[in-house]
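The sequence shown lines up with residues 84 to 403 when you count with the numbering used here. For glycine and all other residues, C-beta sits at the position ideal for the given N, C-alpha and C. Given the structure is predicted, the values throughout are model-derived calculations rather than measurements. All remarks here apply to the structure that follows.
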Amino acid sequence: MSTAPTLNSIRAAQERLRGVIHDTPLVSSQSLSEAAGVDLKFKPENLQVTGSFKIRGAFNKVAQVAESGARGVVTASSGNHGQAVAWAARHFGLPARIVVPTTAPAIKVASAEAFGAIVEGYGTRSRERMDRAHAVAAELSYAFVPPYDDAAVMSGQGTIGLEILEAWPDVDTIVVPIGGGGLISGIATAIKESRPDVTVIGVEPEGAAKAYRSREAQQWVELPSTESIADGLITLSLGKLTHPIIERYVDELTTVSESQIRKAFWLLLTRLKLVVEPSGAVTAAYLFAHGRERLAGRRVAAVISGGNVDPAFIHTCPIE
Ligand SMILES: Cc1ncc(COP(=O)(O)O)c(C=O)c1O
């Protein structure tokens, strides 16, 4: 099986997803375009099934393992990916096991359970959970569904790139958040293999700049620790598969501060009426902070990747 997505595998994912998930619209706001100093449209995946883009990759992968006869699926994520795998498994009538840290918030456990998954608390470190998920997969003959380092998962995420090009053929720049790098690897492949003239920019929190540091060091880098309110972006490293794709296809890598993320959350809530999680707000944070100086006059699509935020987060944001 291939280790990288291609334009063909992304188009095949688009066919699998058709009629199952939402074709999210591109939304704009004159005041936010003015605030960023660019012609700005958002791709609001916070409005997507399960509240994030993760359903695209999870569904594409689960569809393929279901076709090849898997008896069930397992993953090790308490966040958006876990919910997406649970949703996709239910769609195909497969049992799902989600391994989460023993410290996982009850609300996240409850949402995966609501989609019918069995949630198992195991350890507190991500490597422990990963090992446990692989052990469950072997024990029960279930298929493991990786969160980002997988060609089928990346292909599903890449469908966002195709949708942006279809909805806005004149777009010239696409801005994408980076965690383990699956989302941007899929989107950048879709873009560069069909419209290489379109610029792709990746954004990370300053406290989790693994792609930025890897490019600087000209090699795959694992950070000793990461910290950010953007909890979907704090992996210690890119994937071994996503890293070379990012190096090949992503034009620019950049970072944003915690206060820039909070400000963007607030502007998206009050101006666009969009409830966005911090990980989903980093693209807007970058554009509000640097759009005018770095991208003036450009036609920019920003991916708002998810909306699963604890409502109490609002109290930590500056009221403007
Ligand atoms: C809302 C949100 N945005 C972005 C990302 C990053 O995606 P990736 O790990 O594919 O780079 C995640 C990952 O969990 C996420 O939950």
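*Give the C-beta separation of Ile312 and Ile344 to the nearest angstrom, bearing in mind that I take them to be a contact with Cβ-Cβ under 8 Å.*
The Cβ separation is near 6 Å, so the contact holds.
*Does the Cβ of Asn163 lie closer than 7 Å to at least one heavy atom of ligand 3?*
As far as ligands go, the structure on display features ligand 1 and does not contain ligand 3.
*Start-end ranges of the alpha helix (DSSP H) lying completely within the stretch 196 to 282, minimum 4 residues*: For the stretch 196 to 282, whole alpha helix (DSSP H) runs of length 4 or above, ordered along the chain, are 209 to 223, 234 to 250, 265 to 275.
_Helix, strand or coil at Phe136 according to DSSP, with G and I counted as helix_ = Three-state result, Phe136: coil.
*Could you tell me whether the Cβ atoms of Leu370 and Leu109 are closer together than 8 Å?*
No, the pair does not count as a contact, with Cβ atoms beyond the cut-off.
*Of the residues Val359, Ala200, Val202, Ile93, which one's Cα is nearest the Cα of Glu246?*
Of the listed residues, the one whose Cα sits closest to Glu246 is Ile93.
_Determine whether the beta carbon atoms of Ile138 and Ala171 lie at a separation below 8 Å._
Yes, they are a contact pair.
*DSSP state of Val145, grouped into three classes?*
Annotated three-state conformation of Val145 is helix, per DSSP.
*Ser111 bridges to which residues according to DSSP?*
Answer is Lys124, bridged to Ser111.
_Glu360 Cβ short of 7 Å to ligand 1 heavy atom set_ = Answer for Glu360: yes, Cβ within range of ligand 1.
*Is Ala141 near Val168, with beta carbons less than 8 Å apart?*
Yes, they are a contact pair.
*asked:* Assuming Arg325 is part of the alpha helix (DSSP H), what are its boundary residues?
replied: Strictly speaking, residue 325 in this sequence is Thr, with Arg absent from that position. That run of the alpha helix (DSSP H) goes 325 to 332.
_Gly241 CB to nearest heavy atom of ligand 1 below 7 Å_ = For Gly241, the CB stays at least 7 Å from every heavy atom of ligand 1.
*Report buried or exposed for Leu357, applying the criterion of at least 16 other Cβ atoms within 10 angstroms of its Cβ.*
Residue environment analysis places Leu357 among the buried positions, since at least 16 neighbouring C-beta atoms fall within 10 angstroms of its C-beta.
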